[in-house]
Every structure is written in structure tokens, then in C-alpha cells.
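Written below as C-alpha cells is the structure these notes are about.
Numbering (the UniProt record's numbering), first residue to last: 1 to 216.
The structure is reproduced here in C-alpha cells:
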């Protein structure tokens with residue numbers, strides 16, 4: 001069952017701080033990064049930014065990472081309160097619509113919408129790598145990570161690829177509509193077969209998969 005948490009203006013990216021029960025989101029048309037409590041109360045402007053897009057959180061180290069919806073864009077990092085903003089990656093040739101962190105290896109992953117490149121770098125912006133060139137421009141949106149794998153949307157499909165370089169992606173799911181968002185839901189203490197892959201196209205759906213989120 002879905003409920004409205006907060007009324008906002010055309011949010012693009014959203015992330016949840018499970019430790020402090022805070023919701024963060026970006027409003028690219030108004031140039032703001034916002035935060036509220038999980039019940040929708042205490043709405044706060046965290047940052048003013050030029051067309052912010054994708055957003056993700058490093059809850060362990062209390063960092064926000066976010067991209068921009070600009071043809072030449074950047075990836076930024078800031079504290080949870082919006083202070084100490086730093087450019088991590090500059091001069092990206094594309095919008096950034098999907099972004100995730102892997103705290104275990106201290107790497108950032110993002111999808112470049114216009115070029116179709118799935119890329120990665122250390123948290124400080126060094127060692128930039130191209131995981132995959134999809135050659136699918138203006139089709140790839142969101143991403144999520146799970147241990148050794150990256151899941152990403154490509155038009156009406158959900159793809160899975162190993163984080164190691166030089167791998168080929170597998171099709172996990174094909175839908176009848178364009179898939180805009182993806183979320184890997186992990187249940188603590190549950191067998192990995194209980195995990196679920198959720199996606200929007202444009203209404204939220206659930207796609208249950210096993211340990212490897214098997215290819216169909």
C-alpha cells in the first residue's frame with residue numbers, strides 16, 4: 001500500500017537515510033536538494049544547486065552524492081546538512097540520472113543518460129572507469145547495486161552486470177513500458193530468495209527474484 005509522504009515539485013532523485021529516518025530528494029527545476037522526516041514533517045532545504053538530478057547516500061560516512069541534469073554536468077558530495085560541498089567528478093558529457101555507492105569498496109557508480117555509459121570511481125573521484133558502454137543513448141535511467149552486481153534500466157528492460165570490467169550484461173526483466181526507476185529491496189535476516197527487485201514503469205511493480213535475481 002502506498003501513501004503520500006510529502007508534497008513537492010517534480011522530484012527527480014530520491015534517497016532514504018535508514019539510520020535517521022530522513023528522506024532526501026532533488027527538485028531540478030527549482031534547483032534544490034530537500035529533506036524531510038519519514039512521516040513528511042520538518043521539510044528542509046539542504047542545498048541550492050543548478051538542476052540537481054540523481055541522488056544517493058553514504059549513510060556510514062554521512063555523505064550525500066548527487067549529479068546534475070546538464071549536458072556538461074558534475075557529481076558533487078556534501079555532508080548530510082549540506083555543508084562541505086565538493087566536486088567529485090567534473091565535465092561529464094551527459095545528464096546523471098542513476099547514482100549509487102558501494103561503501104565496502106569505497107566506490108561510486110553512475111549512469112550517463114545521454115552517452116549510455118555506466119561508470120565508476122573512488123569516493124574521492126580518482127580511478128574513473130567505464131564499466132560498460134551500452135551504446136544506447138537516451139535510454140538508460142536508474143541503477144542499483146548488490147554485492148558483485150549492478151542493475152540498471154534500459155528502456156523497458158532491467159539489466160544486470162558484474163562490477164568487474166569486460167563483462168556482458170544479462171536481461172533480468174522485460175516490461176511493456178519504459179522503466180524509469182529501480183530499487184533492490186533487501187530484507188535483513190531473510191534468505192536471499194526473499195529479496196525483491198522493484199521498479200516503476202511508471203507505476204511501482206515488484207519482480208521477485210532468487211539469490212542471483214535469475215535471468216528470464
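Ideal Cβ placement from N, Cα and C applies to all residues, glycine included.
Closest Cα partner of residue i within the set the options
| i | options | result |
| --- | --- | --- |
| residue 45 | 58, 72, 9 | 9 |
| residue 88 | 43, 97, 121, 98 | 121 |
| residue 106 | 60, 173, 51, 183 | 60 |
| residue 141 | 182, 48, 36 | 182 |
| residue 118 | 160, 110, 124 | 110 |
| residue 82 | 16, 137, 32 | 32 |
| residue 144 | 125, 55, 30, 79 | 55 |
| residue 36 | 174, 14, 2 | 14 |
| residue 96 | 79, 127, 137 | 137 |
| residue 94 | 124, 80, 52 | 52 |
| residue 178 | 185, 199, 166 | 199 |
| residue 130 | 112, 21, 49 | 112 |
| residue 100 | 174, 184, 175, 50 | 184 |
| residue 23 | 114, 64, 196 | 64 |
| residue 146 | 80, 128, 104, 175 | 104 |
| residue 62 | 123, 49, 50 | 123 |
| residue 21 | 139, 92, 80, 126 | 80 |
| residue 125 | 92, 98, 139, 114 | 92 |
| residue 26 | 2, 98, 4 | 98 |
Collapsed DSSP secondary structure at residue i in the structure displayed
| i | result |
| --- | --- |
| residue 241 | Residue 241 is absent from the structure shown; the chain starts at 1 and stops at 216. |
| residue 157 | strand |
| residue 26 | strand |
| residue 18 | coil |
| residue 172 | strand |
| residue 71 | coil |
| residue 165 | coil |
| residue 8 | coil |
| residue 50 | coil |
| residue 179 | coil |
| residue 62 | coil |
| residue 83 | coil |
| residue 38 | coil |
| residue 193 | Any reading at residue 193 needs caution, since the residue's pLDDT is 46, under 50, leaving its predicted position unreliable; the model's value is listed next. In the structure shown, residue 193 sits in a helix (DSSP, three-state: H, G or I). |
Nearest-angstrom beta carbon gap, residue j and residue i [assumed within contact, 8 Å]
| i | j | result |
| --- | --- | --- |
| residue 172 | residue 151 | 7 Å |
| residue 57 | residue 102 | Contact flag wrong, Cβ pair sits at about 13 Å. |
| residue 28 | residue 12 | 5 Å |
| residue 132 | residue 169 | 7 Å |
| residue 160 | residue 148 | About 10 Å separates the two Cβ atoms, so there is no contact after all. |
| residue 135 | residue 116 | 6 Å |
| residue 90 | residue 47 | Actually they are not in contact, since the Cβ atoms of residue 90 and residue 47 sit about 17 Å apart, beyond 8 Å. |
Quick check on the DSSP output: what are the complete beta strand (DSSP E) runs of length 3 or more inside the stretch 86-151, in order along the chain? 86-92, 96-102, 107-112, 117-122, 129-133, 140-146
Segment contact flag, the stretch 149-162 with the stretch 62-72, C-beta cutoff 8 Å, min 3 pairs: no
I'd like to know if the stretch 34-43 and the stretch 70-79 are in contact, where contact means that at least 3 CB-CB pairs between them fall below 8 Å. no
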